[in-house]
Each structure stands twice: as C-alpha cells, then as structure tokens.
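The structure appears below as structure tokens.
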Amino acid sequence: MSPAARSSRGSVAVLRFGRFAAMGTVAALILIAGVWASWGTAQHAMLTKGRERGTVAVERCAGGTCAGPYAPSSPGSQPRAEVRLESSVAVEEGRTYAVVLKPGGEEGVRAGPAGILYAWGGALLLASVVVAGGLLRTRVAWVMALSGAALLTATFLMV
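Quick note on my numbering: the sequence shown kicks off at 3 and runs consecutively.
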C-alpha cells in the first residue's frame with residue numbers, strides 16, 4: 003500500500019471520528035436541553051413529597067391556561083377558589099385532574115404518570131433525529147423516536 007493511500011485512509015478515519023464526536027455532542031446537548039427545559043414542570047410532578055396535592059376541576063380555558071377550583075388531598079393543603087394549569091391537548095374543560103401545586107399555590111402541575119410523561123417525551127423525539135442523521139445509528143434512533151412517541155401517546159391516553 004502506498005503512503006498516499008494510507009494517508010487518505012487515516013484522513014477518512016479522522017473525519018469519521020470527528021463527525022461522530024460532533025453529532026454525539028449535539029445529541030447529548032439536545033437531551034440535556036430537553037431535560038433542563040422540562041425540569042421546571044417535571045420536578046413538581048416527580049418529587050411530590052412535602053408539596054400540596056389535590057384536584058382541580060377545570061371550569062374554563064383561555065389564553066394558554068385553564069383554571070378551576072382546587073380541592074386539597076394532602077395534609078396541610080388549603081382549598082383555593084382558583085388554580086391555573088397549563089392548557090394543552092391533555093387538559094379539557096369540565097374534567098377534574100390530580101395536581102401538585104408549585105410554591106405559591108396559584109399554579110398547578112399535572113400529577114402522576116401523565117405529568118411525568120408529558121414532561122419527558124419530547125426530548126427523546128428531538129434527539130432521535132440527530133442520532134439518525136448525524137451519527138448514522140438508525141436502530142438507536144428508531145428506539146429513541148418510538149420511546150418518545152410512546153411517552154407522548156401515553157400522556158394523552160392518561161387524560
């Protein structure tokens with residue numbers, strides 16, 4: 003093998019490793035960003051110990067939020083005339099939802115599996131595109147995409 007051919011193979015290997023490292027970093031950053039963006043909601047849905055828990059009977063939805071009276075179910079929690087929930091496809095007028103109140107008691111987060119799944123599903127879908135396109139790991143990307151889709155679908159089925 004000539005020195006030029008060996009040099010060309012070495013360059014290809016370095017470029018392949020560089021692409022793998024760059025796309026792996028981008029995929030990791032997307033997952034971290036998804037977790038970071040979701041943590042504001044997810045922490046209340048996942049870490050409920052010591053937080054006020056109860057139910058909200060949604061009476062009206064407008065402007066991206068839904069609101070209704072709050073009925074406590076945890077010790078020390080007080081009833082409230084109005085608690086707001088983020089309006090999404092999984093919140094409808096006339097339904098009652100289990101919630102965890104954020105500190106301050108005016109805003110609630112869906113409790114239980116629906117709140118957790120809603121908070122984490124999107125990051126997997128976003129990262130799967132980078133894993134498939136940049137890392138050329140189609141099987142891993144399919145697993146990530148299907149897991150993210152399953153999480154989001156489960157969220158809406160748990161309404």
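Where a beta carbon is used, it is the ideal one built from N, C-alpha and C, also for glycine.
Which residues in the same chain as Ala73 place their Cβ atom closer than 7 angstroms to its Cβ, once the five residues preceding and following it in sequence are excluded?
Counted from its first residue, the sequence shown places residue 73 at position 71. Once the five neighbours on either side are set aside, the close Cβ partners of Ala73 are Gly56, Thr57 and Pro81.
Give the DSSP-derived three-state secondary structure of Ala113 in the structure shown.
If you number the sequence shown from 1, residue 113 lands on position 111. Ala113: coil per DSSP, three-state reduction.
Give the secondary structure of Val93 by DSSP, where H, G and I count as helix, E and B as strand, and everything else as coil.
On the sequence shown, residue 93 is found 91 positions in, with the first residue counted as 1. DSSP places Val93 in coil when its eight states are reduced to three.
Helix, strand or coil for Arg139? Go by DSSP, reduced to three states.
Within the sequence shown, the letter at position 137 stands for residue 139. Of the three classes helix, strand and coil, the one that applies to Arg139 here is coil, per DSSP.
For Val16, count neighbouring C-beta atoms within 10 Å of its own C-beta (all shown protein chains included) and say buried if the count is 16 or more, exposed if not.
Numbered from its first residue, the sequence shown carries residue 16 at position 14. It counts as exposed.
For Arg21, is the classification buried or exposed, using 16 other Cβ atoms within 10 angstroms of its Cβ as the cut-off for buried?
Taking the first residue of the sequence shown as position 1, residue 21 is located at position 19. Under this definition Arg21 is an exposed residue.
According to DSSP, which residues form a beta bridge with Phe57?
For this step, residue 57 is matched to residue 55 along the sequence shown. A small fix is needed here, since residue 57 is Thr in this sequence, not Phe. Per DSSP, the beta bridge partners of Thr57 are Ala73 and Ala100.
Could you tell me whether the Cβ atoms of Ile118 and Ala44 are closer together than 9 angstroms?
For the purposes of this step, residue 118 is taken as the residue at position 116 of the sequence shown. For the purposes of this step, residue 44 is taken as the residue at position 42 of the sequence shown. Result yes, Cβ atoms of Ile118 and Ala44 sit closer than 9 angstroms.
Taking Arg86 as the reference, which of Val60, Leu154, Leu148 and Pro77 has the closest Cα?
Counting from 1 along the sequence shown, the entry for residue 86 is found at position 84. The shortest Cα separation from Arg86 among Val60, Leu154, Leu148 and Pro77 belongs to Val60.
Closest Cα partner of Lys1 within the set Thr98, Ser79 and Met25:
This structure does not reach residue 1, given that the chain is present from 3 up to 161, and the question cannot be answered.
Short Cβ contact (9 angstroms threshold) for Ala129 with Leu33
In the sequence shown, residue 129 corresponds to position 127, counting from 1. In the sequence shown, residue 33 corresponds to position 31, counting from 1. The answer is yes: Cβ separation under 9 angstroms.
Determine whether the beta carbon atoms of Leu127 and Ala151 lie at a separation below 9 angstroms.
Here residue 127 refers to the residue found at position 125 when the sequence shown is read from its first residue. Here residue 151 refers to the residue found at position 149 when the sequence shown is read from its first residue. It is a contact, given that the beta carbons lie within the stated cut-off.
Cα-Cα separation, His46 to Gly26:
The residue labelled residue 46 in the question sits at position 44 within the sequence shown. The residue labelled residue 26 in the question sits at position 24 within the sequence shown. When rounded, the distance between both Cα atoms is 30 angstroms.
Alpha carbon to alpha carbon, what distance is there between Val14 and Pro115?
As a working mapping, residue 115 is identified with position 113 in the sequence shown. As a working mapping, residue 14 is identified with position 12 in the sequence shown. One C-alpha to the other measures close to 47 angstroms.
Pull up the distance between the alpha-carbon of Ala83 and that of Met146, whole angstroms please.
As a working note, residue 83 is residue 81 in the sequence shown. As a working note, residue 146 is residue 144 in the sequence shown. Distance between the alpha carbons of Ala83 and Met146 is about 42 angstroms.
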